[in-house]
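>
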């Protein structure tokens with residue numbers, strides 16, 4: 272891994288300066304669907320760039336209508352897992368940002384202890400669209416949790 | 020020319036039909052979704068059912084339900100009469116010669132599989148199966164499987180940029196090696212109406228068998244199988260305002276006679292011994308097991324409903340919806356229509372620059388508008404237009420001009436939100 276790529280991972284604000292609590296709090300102030308979706312889309316726009324060279328089958332998340340890629344970097348020194356997610360759909364990218372706020376820059380044990388369903392349930396919008404549609408939220412979560420188990 | 024003759028029908032020649040009154044026949048339409056009145060524009064995926072269909076199935080279960088063709092008691096006789104009566108309604112609807120030419124299937128997909136798997140047994144290496152680039156996977160994959168089993172070759176009629184069959188390509192591909200022409204009447208993604216009647220005549224002239232996928236055609240216009248002169252035709256009930264779980268394979272009697280059975284079991288046999296089993300006659304040879312009886316009754320009711328409507332008036336109404344949508348699409352910056360054939364049913368596939376189809380679908384749903392997004396089971400077509408998928412609004416006769424306008428107002432709102 273190049274220093275540049277490593278910086279991309281470690282510099283990801285989601286899970287660091289942008290926390291799940293902060294997202295949930297902002298969300299609770301938004302009362303119509305337009306504001307909520309606009310907020311989620313905005314979150315997606317704040318995701319760090321995803322390396323073009325990593326948009327390969329190995330990193331592809333299946334089960335989404337849009338294209339989703341997910342990569343991780345496990346830092347031996349800190350014992351933390353860093354994640355990057357990319358999608359060509361704005362809402363999915365926003366949902367990825369929520370996932371990253373919950374999972375990124377945590378040790379695998381911490382990551383696996385996160386009650387991601389609880390977070391989704393607190394966001395009305397996500398509860399609406401997660402279970403049946405092909406947005407791949409569940410596939411994303413499963414893939415991240417699978418990665419974390421490998422490093423436990 | 021196709022059977023959609025709306026271009027030559029003027030408003031004055033037919034009684035305009037009352038769409039609001041029609042909507043009252045469809046109880047599901049009168050509801051709110053996400054706080055907004057439902058605008059259902061996903062008819063190409065599955066159409067809604069009139070009350071008469073829902074009630075016919077209810078009545079069947081409340082009064083007549085029993086297994087069919089067993090003949091030992093009154094309910095069984097009634098169920099058989101309902102079931103065979105529905106078959107006769109399908110025969111009349113398609114203008115088939117005999118009701119034994121109407122085979123019940125689970126849907127269009129199974130109907131095509133019955134034919135493809137049967138013909139695979141007689142295809143020879145080097146024989147050619149001709150399909151088009153706009154087919155639904157249901158009219159591609161069964162033929163690929165047949166080709167793989169037999170050594171036959173799948174040939175594909177290319178398209179032009181408007182989503183029509185490329186002029187002259189079909190004639191070039193058609194040869195003495197062509198054994199089957201399997202073509203969709205109407206594209207589920209583009210709405211294009213193919214000139215199937217002329218194509219069938221040309222295919223027959225060189226001795227090829229012909230199959231028409233009419234799943235997306237029948238919801239919009241009537242089809243006469245004797246006029247078309249196709250050997251096989253397939254459609255699904257649920258896209259034709261009937262229940263899910265049932266569809267039809269029409270086949271000319273001699274073509275069906277020549278086709279081996281698809282599944283073995285009860286009902287499809289004449290006599291079973293462990294040494295040798297002989298097949299039942301048409302149509303039962305292809306109907307192993309207890310069929311979808313209530314669904315057949317429901318489809319029969321849907322056909323009754325359609326027959327009572329003024330179909331030319333409906334065609335005109337639908338074409339007006341399409342025209343309005345095409346006009347409004349021009350006013351949305353960055354919106355591109357995919358499929359602009361001269362002859363098409365009211366299906367509008369589109370992409371909007373900067374927006375993924377799944378974003379469009381989700382944000383329309385928030386506004387009570389149901390469309391389909393994705394590859395529409397037509398991945399080769401998506402590749403042709405170089406898109407990962409499209410957003411598709413597909414209209415039925417119960418949709419209104421106001422709903423078309425609501426769609427475009429909603430799309431503009433999405434653009435303001437996202438771009």
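Chains as they are written, first to last, in the working numbering: chain A, 272 to 423; chain B, 20 to 438. All C-beta atoms, glycine included, are put in the ideal place defined by N, C-alpha and C. Since this is a predicted model, take the numbers as computed values, not measurements.
(1) With burial defined as no fewer than 16 other Cβ atoms inside 10 Å of the residue's Cβ, what is the status of residue 291/B: buried or exposed?
(2) By Cβ distance below 7 Å, which residues in the same chain neighbour residue 402/A in space, the five residues on each side in sequence not counted?
(3) Tell me whether residue 415/A is buried or exposed, calling it buried when 16 or more other Cβ atoms sit within 10 Å of its Cβ.
(4) According to DSSP, which residues form a beta bridge with residue 352/A?
(5) Quick check on the DSSP output: the beta strand (DSSP E) that includes residue 36/B runs from which residue to which?
(6) Excluding the five sequence neighbours on either side, which residues of its own chain have a C-beta within less than 7 Å of the C-beta of residue 421/B, listed in chain order?
(7) Under 8 Å between C-beta atoms, does residue 312/A make it to chain B?
(8) Count the CB pairs spanning the segment 46–62 of chain B and the segment 386–397 of chain B that are closer than 8 Å, and state whether there are at least three.
(9) For a contact meaning CB atoms closer than 9 Å, what does residue 331/A contact in chain B?
(10) Using a Cβ-Cβ cut-off of less than 9 Å, list which residues of the segment 315–348 of chain A approach chain B; keep chain order.
(11) Counting only beta-carbon separations shorter than 8 Å, does residue 305/A have a partner in chain B?
(12) Which residues of the segment 359–380 of chain A have a Cβ closer than 8 Å to any Cβ of chain B? Give them in chain order.
(13) Within the continuous alpha helix (DSSP H) that includes residue 363/B, where are the two ends?
(14) Quick one: list the residues of chain A neighbouring residue 274/B, beta-carbon separation under 7 Å, in chain order.
(15) Since residue 374/B sits in a beta bridge, which residues does DSSP pair it with?
(16) Distance check for residue 412/A and residue 282/A, CA to CA, integer angstroms please.
(17) Please say whether residue 376/A and residue 294/A have beta carbons closer to each other than 8 Å?
(18) Exposed or buried, which one is residue 83/B when buried takes at least 16 other CB atoms within 10 Å?
(19) Output needed for residue 430/B: all residues of its chain with C-beta closer than 8 Å, excluding positions within five of it in sequence on either side, in chain order.
(20) State the DSSP-derived secondary structure class of residue 297/B, mapped to helix, strand or coil.
(21) Are there 16 or more other CB atoms within 10 angstroms of the CB of residue 414/B, so buried, or fewer, so exposed?
(22) State the DSSP-derived secondary structure class of residue 183/B, mapped to helix, strand or coil.
(23) Identify the contact partners of residue 278/A in chain B, using a Cβ-Cβ distance below 7 Å as the criterion.
(24) I'd like to know whether the C-beta of residue 63/B is nearer than 8 Å to at least one C-beta of chain A.
(25) Could you work out which residue in 37/B, 125/B, 67/B and 73/B is closest to residue 310/B when comparing CA atoms only?
(26) Return the CA-CA distance between residue 385/A and residue 409/A, expressed in angstroms with no decimal places.
(27) In the DSSP assignment, the alpha helix (DSSP H) including residue 147/B goes from what residue to what residue?
(28) Does the distance from the CB of residue 284/A to the CB of residue 436/B come in under 8 Å?
(29) So with Cβ pairs under 8 Å, would you call residue 309/A a contact of chain E?
(30) Taking beta-carbon pairs under 9 Å, can you tell me which members of the segment 352–379 of chain B lie near chain A?
(31) Roughly how many whole angstroms lie between the Cα atoms of residue 183/B and residue 420/A?
(32) Kindly list the residues whose CB is nearer than 7 Å to the CB of residue 353/A, restricted to its own chain and excluding five residues on each side of it in sequence; keep chain order.
(33) I believe residue 170/B touches residue 145/B by the beta-carbon criterion, under 8 Å. Please report the beta-carbon distance rounded to the nearest angstrom.
(34) From residue 312/A to residue 364/A, what does the alpha carbon distance come to, in whole angstroms?
(35) With the cut-off set at 8 Å, would you say residue 336/A and residue 392/B are in Cβ contact?
(36) So what does DSSP say about residue 263/B, is it helix, strand or coil?
In brief:
(1) Exposed, by the Cβ-count rule.
(2) At residue 402/A, the pLDDT of 47 sits below 50, so the modelled position is not reliable; the number obtained from the coordinates is stated separately. For residue 402/A, where only same-chain residues beyond five positions count, there are no Cβ hits under 7 Å.
(3) Residue environment for residue 415/A: buried (at least 16 other C-beta atoms within 10 angstroms of its C-beta).
(4) In the DSSP output, where bridge partners are listed per residue, residue 352/A has 345/A and 377/A.
(5) Element bounds for residue 36/B: n/a, residue is neither H nor E.
(6) Excluding five sequence positions before and after residue 421/B, none of the CB atoms of its chain fall closer than 7 Å to its own CB.
(7) So yes, residue 312/A belongs to the interface.
(8) In short, these stretches touch, since the Cβ pair count reaches three.
(9) Ordered by position in chain B, no residue passes the 9 Å Cβ test against residue 331/A, which lies about 13 Å from the chain.
(10) For the segment 315–348 of chain A, which is checked against every Cβ of chain B, the residues closer than 9 Å are 335, 336, 337 and 338.
(11) Put simply, the CB of residue 305/A is near chain B, with a gap under 8 Å to one of its CB atoms.
(12) For the segment 359–380 of chain A, which is checked against every Cβ of chain B, the residues closer than 8 Å are 359, 360, 361, 362 and 363.
(13) Residue 363/B: not part of any alpha helix (DSSP H); DSSP gives it neither H nor E.
(14) Those do not exist, as residue 274/B stays about 39 Å from chain A at its closest Cβ, beyond 7 Å.
(15) According to DSSP, residue 374/B bridges with 371/B.
(16) Rounded to whole angstroms, residue 282/A to residue 412/A spans 21 Å at the Cα level.
(17) No, the pair does not count as a contact, with Cβ atoms beyond the cut-off.
(18) So residue 83/B ends up on the buried side.
(19) Result list for residue 430/B: 351, 354, 371, 379 and 383, in chain order.
(20) Three-state DSSP puts residue 297/B in a strand.
(21) By the neighbour-count criterion, in which a residue is buried when 16 or more other Cβ atoms sit within 10 angstroms of its Cβ, residue 414/B is buried.
(22) Three-state DSSP puts residue 183/B in coil, outside helix and strand.
(23) Those do not exist, as residue 278/A stays about 29 Å from chain B at its closest Cβ, beyond 7 Å.
(24) No, residue 63/B does not count as interfacial toward chain A.
(25) Checked all of 37/B, 125/B, 67/B and 73/B; the closest Cα to residue 310/B is 125/B.
(26) A straight line joining the alpha-carbon of residue 385/A with that of residue 409/A spans about 14 Å.
(27) Per DSSP, residue 147/B belongs to no alpha helix (DSSP H); it is in the beta strand (DSSP E), 147–151.
(28) The answer is no: Cβ separation not under 8 Å.
(29) The structure shown contains no chain E; the protein chains it does contain are A and B.
(30) Listed by position along the chain: 373, 374, 375, 376, 377 and 378.
(31) Between residue 183/B and residue 420/A, the C-alpha separation is close to 51 Å.
(32) Excluding its 5 nearest sequence neighbours in each direction, residue 353/A has C-beta neighbours in its own chain below 7 Å: 280, 281, 283, 343, 344, 346, 375 and 376, listed in chain order.
(33) A Cβ-Cβ separation of about 7 Å places residue 170/B in contact with residue 145/B under the 8 Å criterion.
(34) Their backbone Cα atoms lie some 7 Å apart in a straight line.
(35) Yes; because the gap between Cβ atoms is below 8 Å, this pair is in contact.
(36) Looking at residue 263/B - three-state DSSP - the assignment turns out to be coil, as it is neither helix nor strand.
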